[in-house]
Structures are given as C-alpha cells and as structure tokens.
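Read the structure below first, then the notes.
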C-alpha cells in the first residue's frame, strides 16, 4: 500500500477497505450460521465452512447484495487442523497437504522435524492408520491410538522426533540448528 520513497500511504483509505471487508465477512458469517453451517475458521480474508454443498458462493453473495466486491469460492478441503490464530494445516481434495502461517526460511533439520510432526501428528488427530516405518527410522505409532491419551501420545512423538534429530545432527557440517 505504501512505497518508502514516496508518501503514497493514506491510512484512512486502508482503514475503510479493511472495515468493509470485515463487515462483508461478518455478514457472510451470520448468514452461514442462520443456514446451520459450521464456520470452522474465520480470518481477515476468508471463511472455512464445514460441509459446504456448492462449488461457489452465489447464495452468500446474493444475501450480502453488495455493489462492491464479492466472496469467491477457492477450494474444498478434506481435513483442517487449526493450531492457532493464523496458523493451520489442511488437506485438499487432491490429497496435497498445505500449511499456512509457518516460518518460510528453514534449513534441512527444521524441514525434517516439521515433516515428522506433520505426518505423525496428523495420523494421531485424525486416526489415520500410519504405515509401520522401518525400525531404523523410528517407532511404530499404531499401538498408541488405543492405549494412550492425546497428551501422552504427543510426548512420545516429541521424544522420538528429538531422538531422530539427535541422530541426524551427528554430522555437524551437514545439519545445524
């Protein structure tokens, strides 16, 4: 919105745009609640709704009846895991796992940890059977689903991941945090 060389930023215009967008989302939220849809997550520019039957937002836009802008349908998600505000993971209908709100600049060890947490955490939360890994690569978590609470599963997962990371970090030239 602004350029550091020129003073083109005009705060009142930005405030008006953000306010109008928020009112539009708030109106859409109330419409969806009245239609008995579950809004799983709302952000500054999006609503994530459970079991939306259409591949468009025509009914919501017709309800809002705005002369400016409109809501746009983006995609269908099969799973959504909200970790905190502005940080979530979802799986598309094509099976791709997408993360939002996480660190962009990573190194190899952070990517390794993230992948382990994502794969194992995802299977814990959604009770997706996880294939038994090679014993050299770590534990099989299959027995955890029936025998332990979510909190204890998380601690076992975390300890196993740290052990695998320690093993990888033995080559300090290749891996460093």
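Residue numbers (the numbering used here): 1163 to 1339. By construction, the Cβ of each residue, glycine as well, lies at the ideal position given by its N, Cα and C atoms. Owing to the predicted nature of the structure, the values given are computational and were not obtained by experimental measurement.
- Look at residue 1252 here: in three-state DSSP terms it is strand.
- With 16 or more other CB atoms across the displayed protein chains lying within 10 angstroms of its CB, residue 1187 is buried.
- Non-local C-beta neighbours of residue 1235 in its own chain, meaning closer than 7 Å and more than five positions away in sequence, comprise 1217, 1218, 1219, ordered along the chain.
- Around the beta carbon of residue 1323, a 10 Å sphere encloses 16 or more other beta carbons of the protein chains shown; the residue is thus reported as buried.
- By alpha-carbon distance to residue 1231, the top candidate from 1207, 1171, 1213 is 1207.
- For residue 1195, the enclosing alpha helix (DSSP H) starts and ends at 1173 to 1196.
- Residues 1190, 1193, 1194, 1233 of the same chain have their beta carbon placed closer than 8 Å to that of residue 1222, with the five preceding and five following residues left out of the count.
- Counting every other CB atom within 10 Å of its CB across the protein chains shown gives residue 1251 a total of 16 or more, marking it as buried.
- Considering only 1262, 1198, 1246, the residue with the shortest C-alpha distance to residue 1253 is 1262.
- Residue 1226 and residue 1184 have their alpha carbons spaced roughly 13 Å apart.
- Bridge partners of residue 1259 according to DSSP: 1253.
- When the beta-carbon positions are compared, residue 1243 and residue 1210 stay at least 8 Å from each other.
- Of 1274, 1248, 1238, the smallest CA-CA separation from residue 1264 is found for 1248.
- In the three-state DSSP reduction, residue 1232 falls in the coil class, being neither helix nor strand.
- Contact between residue 1327 and residue 1274 is confirmed by a C-beta separation of about 7 Å, below the 8 Å threshold.
- In chain order, 1253 place their CB closer than 6 Å to the CB of residue 1259, counting only its own chain and leaving out the 5 sequence neighbours on each side.
- Residues 1200, 1202 of the same chain have their beta carbon placed closer than 6 Å to that of residue 1212, with the five preceding and five following residues left out of the count.
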